[in-house]
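Under the working numbering, the first residue of the sequence shown carries the number 1417, and numbering increases by one thereafter.
Ideal placement from N, C-alpha and C gives every residue a C-beta, glycine not left out.
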Amino acid sequence: MKGLHPQPHPLYQRLLALRRVLPIAAFLLVLAHQVLEHAWLSGLPRPLHLLSQVAVYGTVGPALAWLTLTWLAGRIRERDEAEAHLRTLYQISRQAAITADMDALIEIALSMPAQVLGPVRTSLILREHPEGPWVLAGTRGLWPEYREAIEAHLTTAGAYLRCGRCRTLAATAREGCPLLCFPDPQNPPPEVQGVICLPLSTEDPPHALLNVYLIGREEISPSSRRVVESMAALLAVAMDHARLRARELQMLDRMEQAMRQQEDLADAMGSMLGEIALAHHVDAGTVFLVLRGEESPALLPIAGWPGREVPPL
């Protein structure tokens, strides 16, 4: 089976097309100029004739070179930005893969947007279940009074905050988003002009939202939005895994506590049974728990005397 050949990069294909088109365009331009020269400009005085030559070759040529280089610089800039975004995405994926602590993942999420969007301010809100209240888990770059205003609003709104039902996941300062609850609504800070929200959960409605406050702009480019959404999707899987692991550890801890309580109960009952047996001069004894079910009650032995072994029924 023949190996797969890598597809040429779109920029490489465009440069090949440009290499073919530019010589043809230059030839046609020179041809048109020469026809015009011999048909209309050959009878002009020598100074005007020289001026016409300089005007065409001194203007059109540099203009074409400037347009070509400008287009090429734009494409190279897009490629460099894409490579930088991919490197950032790779670094975040590695950090998320080796991090199981929820607090560490929250710090990664809060610092992630600035690596793509430049200067921004972030906050992260969480809730335990879809109908539960939102709580502020962390912020980065927010003013203390603004953080207090968000915390107060989350406390007041509780489970009725509409963030879990929001479909646009973006708002401007003029749209009354609950996450843009400024301490003084009449004089909002001029820096924050919009907010975008990134779900950090694979469930719908989400259990976590990363709020990115835009400085000096109301929206971001579609390409930047796709990049931060990809990063948020990676972090969403990691945070869901961390949340599930925390629940498993909590369940194991509860089971361990229940088993320890059961052992403590058995030890206590065994000690009491031994004292009662010695006091009444009996040879052996067993303590049972009565399990009442739908059928007849059942007896569960939990302690015996002498010794800890419970005799069979």
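So, are the CB atoms of residue i and residue j less than 8 Å apart?
{"i": "V1703", "j": "I1718", "result": "yes"}
{"i": "V1608", "j": "I1631", "result": "yes"}
{"i": "P1722", "j": "A1700", "result": "yes"}
{"i": "T1504", "j": "Q1531", "result": "yes"}
{"i": "M1655", "j": "M1518", "result": "yes"}
{"i": "L1614", "j": "L1596", "result": "no"}
{"i": "I1508", "j": "I1524", "result": "yes"}
{"i": "A1516", "j": "R1633", "result": "no"}
{"i": "G1554", "j": "L1526", "result": "yes"}
{"i": "V1643", "j": "H1501", "result": "yes"}
{"i": "H1454", "j": "V1472", "result": "no"}
Give the single residue among the options whose Cα lies nearest to the Cα of residue i.
{"i": "A1513", "options": "H1696, D1519, L1650 and S1539", "result": "L1650"}
{"i": "P1439", "options": "Q1677, A1568, T1484 and R1641", "result": "T1484"}
{"i": "A1568", "options": "G1557, L1552 and R1556", "result": "L1552"}
{"i": "P1638", "options": "R1676, A1498, H1623 and E1547", "result": "A1498"}
{"i": "L1621", "options": "A1471, G1720, M1685 and H1545", "result": "The residue you asked about is not Leu; residue 1621 is Pro in the sequence shown. Out of A1471, G1720, M1685 and H1545, H1545 has the C-alpha closest to the C-alpha of P1621."}
{"i": "A1624", "options": "P1463, A1648 and I1541", "result": "I1541"}
{"i": "G1400", "options": "G1686, L1558 and R1659", "result": "Nothing in the structure corresponds to residue 1400, since the chain is present only between 1417 and 1729."}
{"i": "L1434", "options": "R1659, W1456 and L1480", "result": "L1480"}
{"i": "A1520", "options": "R1708, Q1677 and A1658", "result": "A1658"}
{"i": "M1647", "options": "A1693, L1707, L1533 and E1679", "result": "L1533"}
{"i": "R1495", "options": "L1464, P1426, I1692 and Y1506", "result": "P1426"}
Can you give the Cα-Cα distance for residue i and residue j, rounded to whole angstroms?
{"i": "E1645", "j": "P1549", "result": "24 Å"}
{"i": "A1587", "j": "G1610", "result": "6 Å"}
{"i": "L1689", "j": "L1715", "result": "17 Å"}
{"i": "E1711", "j": "L1705", "result": "16 Å"}
{"i": "I1612", "j": "R1543", "result": "19 Å"}
{"i": "R1641", "j": "C1582", "result": "17 Å"}
{"i": "L1420", "j": "R1670", "result": "Confidence in L1420 is poor, its pLDDT being 49 and thus under 50, which makes the residue's placement too unreliable to answer from."}
{"i": "T1618", "j": "V1628", "result": "19 Å"}
{"i": "G1474", "j": "L1616", "result": "57 Å"}
{"i": "P1461", "j": "L1467", "result": "10 Å"}
{"i": "V1476", "j": "I1492", "result": "24 Å"}
{"i": "A1684", "j": "Q1673", "result": "16 Å"}
{"i": "V1437", "j": "R1556", "result": "51 Å"}
{"i": "Q1429", "j": "P1478", "result": "24 Å"}
{"i": "L1447", "j": "L1432", "result": "24 Å"}
{"i": "M1667", "j": "E1591", "result": "43 Å"}
{"i": "L1464", "j": "V1451", "result": "17 Å"}
{"i": "L1558", "j": "E1547", "result": "27 Å"}
{"i": "P1713", "j": "R1663", "result": "34 Å"}
{"i": "K1418", "j": "L1570", "result": "With a pLDDT of 47 at K1418, under the threshold of 50, the modelled position of that residue is not reliable, and the figure given next carries that caveat. Spanning the two alpha carbons is a distance of roughly 60 Å."}
DSSP has residue i in a bridge; who is on the other side?
{"i": "R1556", "result": "T1538"}
{"i": "V1608", "result": "I1631"}
{"i": "F1704", "result": "P1717"}
{"i": "T1588", "result": "G1610"}
{"i": "V1551", "result": "L1542"}
{"i": "A1624", "result": "L1542"}
{"i": "P1615", "result": "L1625"}
Are the C-beta atoms of residue i and some chain B residue less than 8 Å apart?
{"i": "P1622", "result": "Annotation note: the requested chain B is absent from the structure, which comprises a single protein chain."}
Check: With contact counted as at least three CB pairs below 8 Å, one residue from each stretch, are the segment 1480 to 1494 and the segment 1511 to 1525 in contact?
Finding: no
Margin query: Could you check whether the segment 1531 to 1543 touches the segment 1552 to 1570, counting it as contact only if at least three pairs of C-beta atoms, one from each stretch, sit closer than 8 Å?
Written below: yes
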